[in-house]
Structure formats: C-alpha cells, structure tokens
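Participant:
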Amino acid sequence: GATIGIVGGGQLGRMLALAAAPLGYRCHIYAPGEAPPAAEVAARFTRGAFDDAEALARFADQVDIVTYEFENIAAGPLKALGEHSELHPPPRALEIAQDRLAEKRFVLELGGRPAPFAAVDDRAGLDAAMAGIGTPAILKTRRLGYDGKGQARLMAPGDADAAWAAVNGAPSVLEGFVAFDGEFSILLCRGGDGRIVLWDAPRNVHEGGILRRSTVPAPATFAPAIEKGARLASAIAEALDYVGVLAVEFFAVGGEALFNEMAPRVHNSGHWTIEGATTSQFENHVRAICGLPLGATALTAAGAEMRNLIGAEADEWPAILADPAAHLHLYGKGEARPGRKMGHVTTLS
Ligand code: ATP
Ligand code: MG
Ligand code: MG
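The sequence shown begins at 119 in our numbering and counts up by one.
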C-alpha cells in the first residue's frame with residue numbers, strides 16, 4: 119500500500135493514522151519532540167522542526183501523499199511540501215486559515231458574515247478599533263492562537279492596556295462580542311472528484327476558550343443557521359478546490375450563522391464521528407486525499423455526545439469505563455497539564 123505523510127504528531131495525526139490502517143495505508147509522521155502521540159501508532163516517525171523546509175522536502179520525497187494536522191506551517195516549508203509530494207488540503211486553505219484577518223476577508227468575499235471586526239496593528243490602532251466596535255469585545259492575535267490562547271476580553275475601554283499586553287503587542291483583530299444562542303460547526307469532506315459530504319452539525323460548548331463538548335443533533339432551533347453555515351462552508355470548499363475534511367465554526371444568532379473561524383483539517387468537534395457516524399471524519403479525510411470514494415456520513419444512533427478530557431480529567435479513565443456504553447480515547451500524551459486535551463469520551467444515545 120501507499121504511504122501517507124502527516125505533518126504534525128498530535129491527537130489528530132494519531133486518529134488519522136488509526137483510520138488509515140484498515141484502508142491499507144501506512145503513515146509516516148513528521149513532528150518535533152521525542153515521541154508525539156501520532157508516532158506511537160504510525161509505521162514511521164521523523165523528528166523535525168516545522169520550519170525546516172529542507173527536512174520537510176526530504177520527508178515529502180519519502181511518502182506518496184502529504185497531509186497536515188498542524189496549522190502553523192510557514193509559507194516556505196509548505197511550498198517545499200507541495201513541490202515534493204502530492205499535498206492535500208490545498209496550501210492556500212492553510213495560508214488563509216493561519217491568519218484571522220485574511221480568513222474573515224476571504225469569507226466576506228464569499229458572502230459570509232463574521233462578527234464585526236477591525237485590524238489592530240499597534241496600540242493606537244486598538245483605540246481606533248474600539249471606537250468603531252465598542253465593548254464588550256475580544257482581541258485575538260491574527261496568528262498562532264488555539265484553545266483560546268492569544269485572546270483577551272475587553273469589557274470596558276479601560277481594559278485596552280491590559281488586552282494589548284496580553285497579546286504581547288502582536289498584530290491582532292478586535293472582534294465584537296457576539297451574544298450567541300449557541301455555537302455549532304460544519305464538518306464537511308470534499309473528495310478529489312469535487313463531491314461534498316456533510317456530517318450532522320454538532321452543537322459545541324466551550325469553557326474558557328476550550329471545547330468542552332460537542333453534541334449531535336444540534337437543537338432544532340439551530341436548523342436555519344446550520345443550513346446557512348453549511349452553504350457557506352460548501353462555498354469555501356468550492357472556492358479553494360478543497361480536498362479533505364474542512365471544519366467551520368459558527369455562532370448561531372437568531373437563525374443566522376456568524377462565521378467564527380475555519381480549520382483546514384480534521385477537527386475536535388468531529389471526534390464523535392468515530393463511533394457516531396457510518397464513516398468518521400478521519401477515514402473520509404484519508405479517502406479524500408487518496409482519491410478514493412467518500413463514505414456515508416449518516417448518524418449510527420439517534421444522537422452522540424463527545425466530551426473532552428482536559429488536564430487531570432483523563433486520570434479518571436477507569437471510572438469512565440464503568441459506563442459500558444462509553445467510548446474512551448486517550449491520546450497517549452505525557453503530562454496532564456491544566457487546559458491540555460488528554461483524551462475524549464463519546465456516548466451514543
Ligand atoms: P480553537 O481551539 O477552536 O481553534 P481559538 O483559540 O481559535 O480556538 P476562537 O474559536 O476564536 O479561539 O474562540 C474560542 C471560543 O471563544 C469560541 O468558540 C467562543 O466560545 C468564544 N468566542 C470567540 N470569539 C467570540 C466572539 N466574538 N463573541 C463571543 N464569543 C466568542
Ligand atoms: Mg482556532
Ligand atoms: Mg475556535
């Protein structure tokens with residue numbers, strides 16, 4: 119069988135490698151660190167830095183297809199990957215998703231609606247942005263943020279200094295705070311032939327900027343917003359000639375879908391698909407990048423709920439298994455630092 123190269127060695131790469139095996143593919147992981155979670159379940163592991171274009175080119179030469187689960191690959195190394203192997207999803211999707219400002223502008227052009235926003239390049243720019251957007255608001259670094267990191271909330275104009283310090287003066291965007299009815303994500307997969315399949319859209323609940331749980335089906339009241347979100351996500355995939363799984367996060371507000379952000383990869387809010395859908399997001403991503411027909415995405419039960427095991431919560435895994443219906447996934451990460459995603463548990467209903 120062919121070899122899939124995966125750039126990034128976290129839990130997403132681990133679950134991709136686990137899904138690739140029954141389809142007859144071997145996975146070769148590229149990541150920094152001694153023994154990243156994905157390396158334990160893959161056929162091969164190369165330790166290397168994400169900014170080492172030469173090492174990434176050599177890695178790409180050794181595999182048949184390259185994909186990524188890590189989002190912050192710089193432009194040069196990304197180009198090297200594409201020149202030395204078949205690369206999916208398209209590098210342009212990654213470049214856009216890496217930069218919150220570029221992402222919002224791209225989505226606006228496609229007719230999508232983000233929360234009110236303004237670019238902030240310096241401290242004076244923050245005052246100008248606040249004059250337009252008001253408070254409450256959220257300041258987010260344009261690049262490198264995840265799990266709510268690189269963000270600061272501004273409840274009043276007096277919070278500006280603290281917020282600017284919290285983002286270390288990095289180029290940022292200020293976003294109006296959205297009083298949402300709830301959050302959901304659209305999970306889709308587009309095949310090499312242009313066919314798009316969508317999973318049921320999960321309702322997502324975050325705590326402290328970190329995904330707490332994802333539940334399908336989402337409340338019926340979300341249906342009009344989900345329909346609009348699905349249209350926008352499909353338009354994004356078409357515009358990018360996308361191949362693979364794409365996740366787009368939305369705020370549901372009175373039947374409207376406000377765009378939050380997108381991820382050009384498999385996504386935490388889609389982990390429930392492993393047991394809760396006929397074909398998981400991981401398997402369909404593998405199928406898509408390998409040019410195979412996509413699998414069905416229907417629910418395998420009336421509903422599913424995925425709960426993240428964050429920090430020390432994963433230490434309770436024997437108690438979780440006391441529920442015979444619980445599907446436990448531990449990521450094999452070393453230290454259970456606070457706020458770190460150590461695993462998840464899915465239950466079907
Ligand atoms: P991820 O781990 O999903 O990549 P992230 O660090 O990129 O997270 P965001 O998705 O921008 O962060 O924000 C995290 C959460 O914070 C959102 O899911 C939502 O709950 C809340 N949030 C972010 N922006 C806003 C907003 N403009 N209004 C209200 N809540 C928001
Ligand atoms: Mg994000
Ligand atoms: Mg997010």
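Just so it is clear, CB atoms sit at the ideal spot from N, CA and C, and this is done for glycine as well.
With respect to 7 Å, is the separation between the Cβ of Asn286 and the closest non-hydrogen atom of ligand 1 below this value?
Facilitator: Taking the sequence shown and counting its residues from 1, one reaches residue 286 at position 168. Not so, every heavy atom of ligand 1 lies at least 7 Å from the Cβ.
Participant: How long is the line joining the alpha carbons of Ser152 and Ala242, rounded to whole angstroms?
Facilitator: Walking along the sequence shown from the start, residue 152 turns up at place 34. Walking along the sequence shown from the start, residue 242 turns up at place 124. Per the sequence shown, the amino acid found at residue 152 is Glu instead of Ser. Going from the Cα of Glu152 to the Cα of Ala242 covers about 43 Å.
Participant: Taking the alpha-carbon positions, what's the Cys145 to Leu364 distance?
Facilitator: Mapped onto the sequence shown, residue 145 falls at position 27. Mapped onto the sequence shown, residue 364 falls at position 246. The alpha-carbon atoms of Cys145 and Leu364 are separated by roughly 20 Å.
Participant: Leaving aside the five residues before and after Ala381 along the sequence, list all residues of the same chain whose C-beta is less than 6 Å from its C-beta, in chain order.
Facilitator: Reading the sequence shown from its first residue, position 263 is the one you call residue 381. Closer than 6 Å at Cβ, skipping near neighbours: Ala365.
Participant: In its own chain, which residues sit with a C-beta less than 6 Å from the C-beta of Leu174, not counting the 5 before and 5 after it?
Facilitator: Locating residue 174 in the sequence shown gives position 56, where the first residue counts as 1. Hits under 6 Å: Pro195, Ala198 and Leu199.
Participant: With hydrogens ignored, establish whether the beta-carbon of Gly128 is closer than 7 Å to any heavy atom of ligand 2.
Facilitator: Mapped onto the sequence shown, residue 128 falls at position 10. It does not: the Cβ of Gly128 is nowhere closer than 7 Å to a heavy atom of ligand 2.
Participant: Keeping to the same chain, check which residues put their C-beta closer than 8 Å to that of Ala281; ignore five residues upstream and five downstream.
Facilitator: By one-based count along the sequence shown, residue 281 stands at place 163. Leu244, Leu257, Ala270, Arg271 and Leu272, listed in sequence order.
Participant: Relative to ligand 2, is the shortest distance from any of its heavy atoms to the C-beta of Glu158 smaller than 7 Å?
Facilitator: Within the sequence shown, the letter at position 40 stands for residue 158. Flag unset: Cβ of Glu158 not near ligand 2.
Participant: Short check: CB of Leu316 to CB of Phe235, under 8 Å?
Facilitator: Start at 1 with the first residue of the sequence shown, and residue 316 comes out as number 198. Start at 1 with the first residue of the sequence shown, and residue 235 comes out as number 117. No; because the gap between Cβ atoms is not below 8 Å, this pair is not in contact.
Participant: Does the Cβ of Ala233 lie closer than 7 Å to at least one heavy atom of ligand 1?
Facilitator: The sequence position of residue 233 within the sequence shown is 115, counting from 1. Yes, Cβ of Ala233 sits closer than 7 Å to a heavy atom of ligand 1.
Participant: Please state whether the Cβ-Cβ distance between Tyr360 and Ala211 is less than 8 Å.
Facilitator: Within the sequence shown, residue 360 is the residue found at index 242, counting from 1. Within the sequence shown, residue 211 is the residue found at index 93, counting from 1. Yes, they are a contact pair.
Participant: Between Gly309 and ligand 2, is the CB less than 7 Å from at least one heavy atom?
Facilitator: As a first step, residue 309 is located in the sequence shown; it is residue number 191 there, counting from the start. No, the beta carbon of Gly309 sits no closer than 7 Å to any heavy atom of ligand 2.
Participant: Entirely within the stretch 121-185 and at least 4 residues each: give me those alpha helix (DSSP H) ranges in chain order.
Facilitator: Qualifying alpha helix (DSSP H) stretches, in chain order: 129-138 and 171-179.
Participant: Does the beta-carbon of Thr339 have 16 or more other beta-carbons within 10 angstroms, so that it is buried, or is it exposed?
Facilitator: Along the sequence shown, read from residue 1 onward, the residue named residue 339 stands at position 221. Its Cβ having fewer than 16 others within 10 Å, Thr339 is exposed.
Participant: Under the rule that 16 or more other beta-carbon atoms within 10 Å means buried, what is Ser332, buried or exposed?
Facilitator: The residue labelled residue 332 in the question sits at position 214 within the sequence shown. With 16 or more Cβ atoms within 10 Å of its Cβ, Ser332 is classed as buried.
Participant: Once you ignore the five residues that flank Asp265 on each side, which residues in its own chain have a CB closer than 7 Å to its CB?
Facilitator: Here the question's residue 265 lines up with position 147 in the sequence shown. Excluding residues within five positions, the ones whose Cβ falls inside 7 Å are Gly327, Ile328 and Gly457.
Participant: If I measure Cβ to Cβ from Asn76 and keep anything under 8 Å in the same chain, skipping five residues before and after, which residues do I get?
Facilitator: Given a span of 119 to 467 for the chain in the structure shown, any question on residue 76 remains unanswerable.
Participant: If contact is defined by three or more beta carbon pairs under 8 Å, each pair taking one atom from either stretch, is the stretch 134-142 in contact with the stretch 398-405?
Facilitator: yes
Participant: May I ask you to check if the CB of Ile256 is nearer than 7 Å to at least one heavy atom of ligand 1?
Facilitator: Translated into positions along the sequence shown, residue 256 becomes position 138. Yes; taking the cut-off as 7 Å, the Cβ of Ile256 has a heavy atom of ligand 1 nearer than that.
Participant: Run the CB neighbour count on Val225, radius 10 Å, all protein chains shown included, and call it buried at 16 or more, exposed below.
Facilitator: For the purposes of this step, residue 225 is taken as the residue at position 107 of the sequence shown. It is buried - the Cβ of Val225 has at least 16 other Cβ atoms within 10 Å.
Participant: When burial is assigned at 16 or more other CB atoms within 10 Å of the CB, is Thr397 buried or exposed?
Facilitator: On the sequence shown, residue 397 is found 279 positions in, with the first residue counted as 1. With 16 or more other Cβ atoms within 10 Å, it is buried.
Participant: Cβ of Tyr264 versus every heavy atom of ligand 2: is any distance shorter than 7 Å?
Facilitator: The residue given as residue 264 occupies position 146 in the sequence shown. Yes, the Cβ of Tyr264 comes within 7 Å of a heavy atom of ligand 2.
Participant: Take the Cβ of Leu130 as the centre, count every other Cβ of all protein chains shown within 10 Å, and call the residue buried at 16 or more, exposed below.
Facilitator: For the purposes of this step, residue 130 is taken as residue 12 along the sequence shown, with counting starting at 1. Taking every protein chain shown into account, the CB of Leu130 has 16 or more other CB atoms within 10 angstroms, so this residue is buried.
Participant: Between which two residues does the beta strand (DSSP E) carrying Arg271 extend?
Facilitator: Within the sequence shown, the letter at position 153 stands for residue 271. Segment Gln269 to Leu272, the beta strand (DSSP E) holding Arg271.
Participant: Taking its Cβ as the centre, do 16 or more other Cβ atoms sit within 10 Å of Thr259, making it buried, or is it exposed?
Facilitator: As a position in the sequence shown, residue 259 is number 141, starting the count at 1. With 16 or more other Cβ atoms from the protein chains shown falling within 10 Å of its own Cβ, Thr259 counts as buried.
Participant: Taking Cβ positions, are Asn286 and Ser303 nearer each other than 8 Å?
Facilitator: On the sequence shown, position 168 is the one that residue 286 refers to. On the sequence shown, position 185 is the one that residue 303 refers to. No.
Participant: Using a threshold of 8 Å, state whether the C-beta atoms of Ile124 and Glu221 are closer than that.
Facilitator: Walking along the sequence shown from the start, residue 124 turns up at place 6. Walking along the sequence shown from the start, residue 221 turns up at place 103. Contact: no.
Participant: Please report the residue range of the alpha helix (DSSP H) in which Asn402 lies.
Facilitator: Position 284 of the sequence shown holds residue 402. Segment Gln399 to Ile407, the alpha helix (DSSP H) holding Asn402.
Participant: Name the one or two DSSP bridge partners that Gly294 has.
Facilitator: As a working note, residue 294 is residue 176 in the sequence shown. The partner list for Gly294 (beta bridge, DSSP) reads Ala255.
Participant: Here's a check: name, in chain order, each residue in its chain whose Cβ is nearer than 6 Å to the Cβ of Ile214, leaving out the five neighbours to either side.
Facilitator: Counting from one through the sequence shown, the residue named residue 214 turns up at place 96. Once the five neighbours on either side are set aside, the close Cβ partners of Ile214 are Ala220, Glu221 and Phe224.
Participant: Would Ala444 pass as a contact of Thr418 if the rule is Cβ separation under 8 Å?
Facilitator: Here residue 444 corresponds to residue number 326 of the sequence shown, with the count starting at 1. Here residue 418 corresponds to residue number 300 of the sequence shown, with the count starting at 1. Going by beta carbons, Ala444 and Thr418 fall outside the 8 Å limit.
Participant: Buried or exposed: where does Lys96 fall if 16 or more other Cβ atoms within 10 Å of its Cβ makes it buried?
Facilitator: No information on residue 96 is available, as it lies outside the stretch 119 to 467 that the chain covers here.
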